[in-house]
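These notes concern the structure reproduced below.
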Amino acid sequence: MPITPPYLIPSATVTFEEEIKRSRFITCLAHTSGVKEAKGFVQQMKDAHPQARHHCWGFVAGAPNDSMQLGFSDDGEPSGTAGKPILAQLQGSNIGEICAVVVRYSGGIKLGTGGLVKAYGGGVKQALPLVRTKTRVAMVNISLEYIYALQGVIDDLTREFALKVETSDFGEKAKITASIEAIHLASLLHKASLYDADKLTVQRVRQSD
Numbered sequence: 001m002p003i004t005p006p007y008l009i010p011s012a013t014v015t016f017e018e019e020i021k022r023s024r025f026i027t028c029l030a031h032t033s034g035v036k037e038a039k040g041f042v043q044q045m046k047d048a049h050p051q052a053r054h055h056c057w058g059f060v061a062g063a064p065n066d067s068m069q070l071g072f073s074d075d076g077e078p079s080g081t082a083g084k085p086i087l088a089q090l091q092g093s094n095i096g097e098i099c100a101v102v103v104r105y106s107g108g109i110k111l112g113t114g115g116l117v118k119a120y121g122g123g124v125k126q127a128l129p130l131v132r133t134k135t136r137v138a139m140v141n142i143s144l145e146y147i148y149a150l151q152g153v154i155d156d157l158t159r160e161f162a163l164k165v166e167t168s169d170f171g172e173k174a175k176i177t178a179s180i181e182a183i184h185l186a187s188l189l190h191k192a193s194l195y196d197a198d199k200l201t202v203q204r205v206r207q208s209d
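Written out as structure tokens, the structure is:
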């Protein structure tokens, strides 16, 4: 399984508002981890603005380069004039786990295809610099089983790789489960391989859904 490198995610929700030819556009960007959360945020915005004519959206629900967790909608605007421009701006930002909803209160003046693309994409473009970000570091779960004589070695590895110990069991051998930053897993496995398997084994543990 490929390991996802660290990437930026929003640390807070931001809102940008502008009026274009009497139409009011409200752009809201939020952190949404996964497609379910992204769609939940879209519904949240619809509930908050029930009188708005359109609630157009786009999201990058996973890592910035994860093409399996993308989505967009024109929500009644002419095809290609809202959702795609919104998504294009998000993809160009290199920020992951982000959803943009642009709410439009129509002012009765038609903007035309080009005007709509500019309005929807432009709103997101102007909102993105307002987004504060933090780094998402992928974590993986591991189990370590070892003889008690290697406790000092395990303590050193715990400090070196900042292991977050979650469970421990002390039977014939000691066994712990822990989480580690994914980018450090290969180095830890290499160091563990220097010991005989009957003395120390490290395995990746797959998380259950």
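For what it's worth, UniProt numbering labels the leading residue of the sequence shown as 1, then goes sequentially. Yeah, the Cβ is synthetic: ideal placement off N, Cα and C, and Gly gets one too.
Would you call the stretch 85–97 and the stretch 57–74 touching, i.e. three or more CB-CB distances under 8 angstroms?
yes
As assigned by DSSP and simplified to three states, the class of Asp196
coil
Just how far apart, CA to CA, sit Trp57 and Ala30?
11 angstroms
For Arg136, count neighbouring C-beta atoms within 10 Å of its own C-beta (all shown protein chains included) and say buried if the count is 16 or more, exposed if not.
buried
Could you tell me the boundaries of the alpha helix (DSSP H) in which Tyr105 lies?
From DSSP, Tyr105 is part of no alpha helix (DSSP H) but of the beta strand (DSSP E) over 98–105.
Is it the case that the Cβ atoms of Glu19 and Gly112 are separated by a distance below 9 angstroms?
no
Verify whether the separation of the beta carbon atoms of Gly92 and Leu8 is less than 9 angstroms.
no
Taking the straight line between their C-alpha atoms, what separation do you get for Phe59 and Phe16?
17 angstroms
Please state if the CB of Arg206 and the CB of Phe14 are separated by a distance shorter than 9 angstroms.
One detail in the question is off: residue 14 reads as Val in this sequence, not Phe. No.
Just checking my contact of Tyr120 with Arg24 at CB under 8 angstroms: how many whole Å lie between their CB atoms?
Actually they do not touch by this definition, with Cβ atoms about 13 angstroms apart.
Residues near Glu77 by beta carbon distance below 7 angstroms, same chain, minus five either side
His54, Cys56, Leu116
What did DSSP end up calling Ser208 once you bin it into helix, strand or coil?
For Ser208, the predicted model reports a pLDDT of 45, less than 50, meaning its position is unreliable and no value from the coordinates is stated.
Closest to Ala192 by CA distance: which of Pro64, Gln126, Glu160, Ala100 is it?
Glu160
Give me the DSSP bridge partner(s) of Ala174.
Tyr146, Phe170
Let's see if you can read the secondary structure: which residues bound the alpha helix (DSSP H) around Ile86?
83–92
Counting C-beta neighbours from all protein chains within 10 Å, is the total for Gly123 16 or more, i.e. buried, or is it exposed?
buried
Endpoints, the beta strand (DSSP E) within which Ile154 is located
Ile154 -> not in any beta strand (DSSP E); alpha helix (DSSP H) instead, spanning 151–160.
When Gly62, Lys110, Pro64 are compared against Arg22, the one with the closest alpha-carbon
Lys110
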